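Notes follow the structure.
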Amino acid sequence: MLKNIIKKLIAYIFRPEYKFAKRGDKCFIGSNCIINSASMIELGNHVSIGPNAVLYCIYKKIIFGNNVLLGPNVTMVNGDHNMRKIGVPIIDNNEKEASDDADIIIEDDVWIGANVTILKGVTVGRGAVIAAGAVVTRSIPPYCVSGGIPAHVLNIRFTIEQVKQHEGILYSEKDRMKDGQLQHLASFATK
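42 is the number of the first residue of the sequence shown in my numbering; add one for each residue after it.
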């Protein structure tokens, strides 16, 4: 037991200090994270990144909104290798195409469960929840609960009236979801 406490204390004291493009207030980075190109990552306020996360980006950004929670072992990769060059092994091909990399955007009030993988070009909408173990290859609408491989919408987090109430508490009137957005969201509710 004492050995584990000492090990955790050493990991805490000697954890790396990342130079993020933006780092809001009350951000937490868990132990044993691998963060490549922190200068391409923006953290809003109150972002918690669980232990063993892998955030990998080189040419595009990973952007976190406010009040975002990542469980342990979350992986985000916003680029691909160029696999389309004839006669060149993938490992040797350093030429990028525009479609090889794209930003990952995590909007406000999002919970991403343990062991989730999020790939290039994905936006996780405000208030969304991603179930543990999901592989997210396409964008997730606001307030949707999603899971699976590949991830798909399972349900919405609140009723439309509850979304309005939630938004009324957390956001100014100009930042709240509009009627058209709410109607679109209603299409994801399970019957």
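The C-beta atom is built at its ideal place from N, Cα and C for all residues, glycine as well.
These numbers come from a predicted model, not from an experiment.
Using CA coordinates, which residue listed in ASP141, SER140, HIS122 is at the minimum distance from ASP133?
-> HIS122
At least three beta-carbon pairs within less than 8 Å, the segment 103-116 to the segment 124-140 = no
I think ILE197 touches ILE181, with their Cβ atoms under 8 Å apart; what is that distance to the nearest whole Å?
-> Actually they are not in contact, since the Cβ atoms of ILE197 and ILE181 sit about 11 Å apart, beyond 8 Å.
If you check the beta carbons only, do LEU84 and PHE69 fall under 7 Å apart?
-> no
In the DSSP assignment, find the alpha helix (DSSP H) that holds ILE210 and state where it starts and stops.
-> 201-211
Could you tell me if MET218 is buried or exposed, where buried requires 16 or more neighbouring beta carbons within 10 angstroms of its beta carbon?
-> buried
By DSSP, does GLU148 sit in helix, in strand, or in coil?
-> coil
Per DSSP, which residues does ARG64 bridge with? Please list them.
-> LEU84
Cut-off 7 Å between Cβ atoms - residues of its own chain near PHE199, not counting five sequence neighbours on either side | TYR184, HIS207
Cβ-based burial, SER187 [other Cβ within 10 Å; buried from 16] | buried
Just how far apart, CA to CA, sit SER89 and ASP149?
-> 12 Å
With SER221 as the anchor, note down where its alpha helix (DSSP H) starts and where it stops.
-> The residue you asked about is not Ser; residue 221 is Gly in the sequence shown. Segment 220-227, the alpha helix (DSSP H) holding GLY221.
C-beta contact flag for GLY189 and ALA175 at 7 Å | yes
Given that a residue counts as buried once 16 or more other Cβ atoms are within 10 Å of its Cβ, and exposed if not, what is MET42?
-> exposed
Smallest Cα separation from ALA169: which of SER78, VAL109, LYS60?
-> VAL109
Flag this pair as yes or no: are the beta carbons of GLY71 and PRO92 separated by less than 7 Å?
-> yes
Just how far apart, CA to CA, sit ASN107 and ILE76?
-> 19 Å
What number of angstroms, rounded off, separates the C-alpha of ILE153 from the C-alpha of LEU160?
-> 13 Å
Return the bridge partner residues of HIS193 from the DSSP annotation.
-> GLY188
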